[in-house]
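Chemist: Numbering (this note's numbering), first residue to last: 4 to 114. Note that the Cβ used here is the ideal one computed from N, Cα and C, for glycine as well.
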Amino acid sequence: MTAPQLSPWTAEESAELRKDGPFWRHPVERKCPNCGHVAVRTYMFYSVPDPVHPRVISKTWCASCWRFGSWTSDGPPVPFTDPLDGEEPVNRKLEFINKQWDKGVLPQKFG
Ligand SMILES: [Zn+2]
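1. Glu32: which of Phe26, Lys22, Asp23, Val43 sits nearest, CA to CA?
2. Am I right that Asp85 and Phe48 are in contact with their C-beta atoms under 8 Å? What's the rounded C-beta distance?
3. Under the DSSP definition of a beta bridge, which residues are partnered with Trp74?
4. So, at 7 Å on beta carbons, what are the nonlocal neighbours of Gln8 in its own chain, with the 5 sequence-adjacent residues on each side left out?
5. Could you give the distance in angstroms between the alpha-carbon of Gln111 and the alpha-carbon of Tyr46?
6. Which of helix, strand or coil does DSSP assign to Ser17?
7. Quick one: using the 10 Å Cβ neighbour count with 16 as the cut-off for buried, is Trp74 buried or exposed?
8. By alpha-carbon positions, which one of Phe83, Leu87, Ile100 ends up nearest to His29?
Structure below.
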């Protein structure tokens, strides 16, 4: 299998994605503003262990057209599981993460 060709969300698509509210409130696949498939997935993890200023990296991608974005922000106000914790950083590539969603390992649980 060849690696998917990733391309970044446009500013308009990013704005469209944000209209659905934060992923942790409703962690399901969402409609892709580019291709229209309900295939937009998100995976969140803490960037570095810092209990005082926790920062969370969110990867959001479409499993159909491979639009992709990665954002760093404050963590959500609820605890969440990280089924990929302990994976080597190299294994956190999008193809791997996407397969975990296909297997039902993701999405993670919030609250
Ligand atoms: Zn798409």
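Modeler: Here's the rundown:
1. Within the sequence shown, residue 32 is the residue found at index 29, counting from 1. Looking at the Cα atoms, Val43 is the closest of the given residues.
2. For the purposes of this step, residue 85 is identified with residue 82 of the sequence shown, where counting begins at 1. For the purposes of this step, residue 48 is identified with residue 45 of the sequence shown, where counting begins at 1. So it is a contact: roughly 5 Å between Cβ atoms.
3. Position 71 of the sequence shown holds residue 74. According to DSSP, Trp74 bridges with Ser61.
4. Indexing the sequence shown from 1 puts residue 8 at position 5. Cβ neighbours of Gln8 beyond the five flanking positions: Trp69.
5. Residue numbering aside, residue 111 sits at position 108 when the sequence shown is read from its first letter. Residue numbering aside, residue 46 sits at position 43 when the sequence shown is read from its first letter. Going from the Cα of Gln111 to the Cα of Tyr46 covers about 7 Å.
6. Taking the sequence shown and counting its residues from 1, the one referred to as residue 17 is at position 14. It is helical.
7. Numbered from its first residue, the sequence shown carries residue 74 at position 71. Classification of Trp74: exposed, given that the 10 Å Cβ count is below 16.
8. Working through the sequence shown from its first residue, we reach residue 29 at position 26. Among Phe83, Leu87, Ile100, the Cα nearest to that of His29 is on Phe83.
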